[in-house]
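Please read the structure below before turning to the comments.
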């Protein structure tokens, strides 16, 4: 990720731009959000949504809202594969190997719990929950944004977060975990280094400085 950081600085210098102000939703703040999700139907939905969005490469809110059962395949008791059929960088919906995203560990467990509790068998993965615990229509992209902001408020996390924070949080955490640039881009679906680095956050640079300061 050192190469990633270096190219980020050059890209922003060339563009005369600065990273966005929203904080990255990295592992620690994400855990705080998840801790606010109880075992109610709404809590299970939000837990599954947050982990799905984060673990599959930091999905955009439109991609989360458009996620369907038809594109989710259970591999075994502890994992799924999700095919991102349509995205900002794949408008025609052409089938590509890199669009198959793994969903494992706690993310897979949360998805399994949500599907069991909701009884969803087809159509949209994430839906509105009406009074009495009845499922409504598929979530709109704005509803995904509102869920992230609501959970941030409940968790009391400091800083300005938005749905973009999930995407940037994945990139930032990938850097912390020494994930390679190609691997990171394959997960996020970016084709351009400059675009990936639009989600770069100062936390990564700060971590790097701290490690070298030792």
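In the working numbering, the protein residues as written are 99 to 312.
Ideal placement from N, C-alpha and C gives every residue a C-beta, glycine not left out.
Quick caveat: nothing in here was measured; it's all calculated off a predicted structure.
Excluding sequence positions up to five before and after residue 178, its CB lies within less than 7 Å of the CB of 170, 171, 172, 201, 206 and 209, all in the same chain and listed in chain order. Under DSSP, residue 174 shares a beta bridge with 177. Note that the C-beta distance between residue 145 and residue 128 is not below 8 Å. Close CB contacts of residue 211 within its chain, under the 6 Å cut and outside five residues either way in sequence, are with 142 (chain order).
In the three-state reduction of the DSSP assignment, residue 158 falls in the coil class, being assigned neither a helical nor a strand state.
The criterion of a C-beta distance shorter than 8 Å is not satisfied by residue 134 and residue 267. DSSP places residue 149 inside the alpha helix (DSSP H), whose first and last residues are 139-153. Taking the Cα positions, residue 290 is about 42 Å away from residue 232.
Counting every other CB atom within 10 Å of its CB across the protein chains shown gives residue 251 a total below 16, marking it as exposed. For residue 233, the enclosing beta strand (DSSP E) begins and ends at 233-236. Residue 272 counts as buried, since at least 16 other C-beta atoms from the protein chains shown sit within 10 angstroms of its C-beta. Between residue 245 and residue 147, the beta carbon gap of about 6 Å places them in contact (Cβ cut-off 8 Å). Between residue 182 and residue 197 the beta-carbon gap is near 4 Å, inside 8 Å, which marks them as a contact. Note on geometry: alpha-carbon atoms of residue 292 and residue 139 lie some 39 Å from one another.
Shortest Cα-Cα distance from residue 167 to any of 155, 256 and 180 involves 180.
The C-alpha of residue 203 is placed about 9 Å away from the C-alpha of residue 153.
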